[in-house]
Amino acid sequence: MELSNIHLLSLIITMLSVIVLGLYSSRKVKSADDFSIGSRSSSTAIVSGTIVGTIIGGAATMGTAQLAFCVGLSAWWFTLGSGIGLLIMSIFYAGSLRNSGMETISQYLVLHYGKAAGPITSVVSSLGIFFSIVASMLTSVHLLSSVFSVTSGVAAGITVIIVIAYVFFGGINGTGLSGIFKLSLLYITLLVAGATSFKAMNGMSGLEAFFPADPWFNLFGRGVWLDIGNAVSLVVGIISTQTYVQAIFAARDTRTAAAGSLVAALVTIPVGLPSIMIGMYMHANYPDMLPINALPMYMIYNLPEWLGGAAITALLLSSIGSVAGLALGVGTMLSRDIISELFGFSGAKRLLWLNRTCILIITICAALFVFGNMQSLVLEWNFLSMALRGVGIFVPLTIAIFFPGKLPPKAAICSMIAGVAVSLLWNILYPEYKNPLFSGLAVSLVVAVVGIAVNNMDRSWFVQK
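Anchor point for the sequence shown: position 432 equals 432 in the UniProt record's numbering, and the numbering is continuous, going up by one each time.
Right, here's the structure in full:
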């Protein structure tokens with residue numbers, strides 16, 4: 001891909017705007033609480049911007065176009081499932097989570113199940129989220145290396161530098177403000193690109209003439225169980241993810257938390273459709289191209305140059321924004337729930353810099369991991385990530401919110417460990433079944449139900465005695 005001078009000028013202006021937003025946000029950061037939860041004063045716009053700025057990343061844009069290039073409409077499941085998960089969070093989870101006054105999911109589960117729940121939750125969540133960081137890093141490296149003709153190593157280095165610029169200093173405010181700006185830019189460019197590609201294919205009649213109905217127009221085109229599994233993974237993964245819950249904790253009140261999650265859901269669901277349209281258009285016209293390049297190639301060669309440059313920036317920011325937001329979530333958990341507990345770190349300034357250091361290390365590790373998986377499907381990493389987050393946390397978290405005090409602490413710990421262990425074992429023994437969600441979630445639920453039943457039996461026996 002070659003960029004014209006107008007492309008480059010548009011790209012540079014847009015990128016500088018985002019860096020300025022991140023530096024502006026850093027002026028508000030005086031403590032670790034400011035950095036990670038914005039001192040619990042975030043508005044609906046910041047809450048939704050933080051969530052959307054993270055979830056609408058490389059997977060929701062380039063990853064969706066990549067999969068749509070291969071299979072069509074079933075690529076929608078990432079943004080559709082994510083939106084459903086956010087909708088459920090808004091209605092059923094946001095109020096209880098915000099009222100808890102906590103900062104991490106680990107702290108919330110420790111409140112209900114004791115200290116042992118903290119490290120387990122943090123490790124499980126961090127492992128799952130790491131694979132989402134890898135997915136977004138993968139799209140960023142591909143985009144930078146193809147557009148600017150640089151090596152993968154240089155592309156990864158550029159990604160790390162930009163992450164530092166607008167989350168290392170700005171924290172939750174940096175991802176929220178950048179998320180709002182990026183979302184506006186991304187929506188405009190995607191809508192224009194989706195509309196022009198649809199028109200270029202002569203609308204639905206042209207699409208139907210070129211593509212057979214199955215799998216291209218089948219929402220379950222990859223298989224019913226696989227696509228349903230991916231959708232459920234996204235729902236439980238969204239609800240169990242520190243990054244999205246952190247935005248809920250940062251809201252000024254429960255109503256703002258619910259409204260922010262609802263707005264994020266309504267914004268997320270439709271954003272995959274233009275990417276699907278572009279992926280199918282590129283398959284029809286350039287069937288031999290590398291699928292991961294479908295979206296950026298369309299933006300460069302099929303849009304006006306000034307808009308194409310802004311669009312490339314939007315794609316880059318959507319990938320790096322996800323890396324930044326997810327790394328912030330992992331950094332908060334590792335610094336607050338594990339490192340500070342093990343080594344006794346205290347004080348606002350020390351915790352702030354510990355959090356920032358964790359973010360830097362996580363981002364570098366993700367960049368190194370990407371080098372061994374350059375040709376993989378982006379969305380596969382995200383579906384695996386969501387499954388790993390959900391299997392160990394979703395059941396105990398849901399019981400804590402809807403039935404507090406019912407699940408004994410020991411049973412909760414066993415439920416977490418069993419869910420993750422079975423999922424990992426299932427993935428090793430049955431690699432052809434790519435989504436280990438159902439096995440792990442079922443075992444986690446069974447262990448929890450047995451724990452509740454045994455606890456009730458013990459109480460009944462005590463009362464009878």
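Positions of the beta carbon are idealized from the N, C-alpha and C atoms, including for glycine.
Inclusion of M386 and V245 in the CB contact set at 9 Å is not warranted, their separation being larger than that value. In this structure, T121 keeps its C-beta atom at 9 Å or more from the C-beta atom of I452. Secondary structure of S42 (DSSP, three-state): strand.
Remark: three or more beta-carbon pairs, one from each stretch, lie closer than 8 Å, so the stretch 263-276 and the stretch 82-98 are flagged as touching.
Shortest Cα-Cα distance from P274 to any of A366, A442, A195, W216 involves A195. Close CB contacts of W381 within its chain, under the 6 Å cut and outside five residues either way in sequence, are with F131, V134, A135 (chain order). The beta carbon of A156 sits closer than 6 Å to the beta carbons of V141, A367 from its chain, once the five residues preceding and following it are set aside; these are given in chain order. Taking a contact to require three or more Cβ pairs closer than 8 Å, the stretch 96-114 and the stretch 212-231 do not qualify as touching. Going by DSSP, L397 is part of the alpha helix (DSSP H) stretching over 378-402. At the C-beta level, T61 and V271 come within 9 Å of one another.
The continuous stretches of alpha helix (DSSP H) do not include F211, and DSSP gives it neither H nor E. Around the beta carbon of L407, 16 or more other beta carbons lie within 10 angstroms, which makes this residue buried. Non-local C-beta neighbours of V110 in its own chain, meaning closer than 6 Å and more than five positions away in sequence, comprise A117, G118, ordered along the chain. Note that the C-beta distance between A257 and L97 is below 9 Å. Residue pairing by DSSP places A251 opposite S42 in a beta bridge. According to the DSSP assignment, M333 belongs to the alpha helix (DSSP H) that extends over 305-333. Comparing alpha-carbon positions, the option among F78, S152, T139 lying closest to F371 turns out to be S152.
Y286 sits in coil when the DSSP states are folded into three classes, being neither helix nor strand. Contact between Y281 and A200 is confirmed by a C-beta separation of about 6 Å, below the 8 Å threshold. In the three-state reduction of the DSSP assignment, F217 falls in the coil class, being assigned neither a helical nor a strand state.
Taking the CA atoms as reference points, G390 sits about 8 Å from S125.
When C-alpha distances from N456 are compared across L441, A411, S444, the shortest belongs to A411. Going by C-alpha positions, A421 is about 20 Å away from T398.
C-alpha of G53 to C-alpha of L307: approximately 20 Å in a straight line. In the structure shown, the three-state DSSP call for Y430 is coil. Under the three-pair Cβ rule at 8 Å, the stretch 321-332 counts as touching the stretch 346-361.
By the Cβ criterion, the stretch 337-354 is not in contact with the stretch 314-327, since fewer than three pairs of Cβ atoms, one from each stretch, lie closer than 8 Å.
Under the three-state reduction of DSSP output, T139 falls in the helix class. By the neighbour-count definition (other C-beta atoms within 10 Å, threshold 16), L342 is an exposed residue. S319 sits buried, since 16 or more C-beta atoms from the chains shown fall within 10 Å of its C-beta. Between the C-alpha atoms of N202 and A193 there is a straight-line separation of about 14 Å. Contact between the stretch 70-79 and the stretch 295-310 is not established, with fewer than three Cβ pairs separated by less than 8 Å. Nearest to L441 by alpha-carbon distance, out of V395, L429, V378, I338, is V395.
Residue nearest to F383 within the set N230, G405, L191, L127 is N230 (criterion: CA-CA distance). Here the alpha carbon of A327 sits roughly 19 Å from the alpha carbon of S42.
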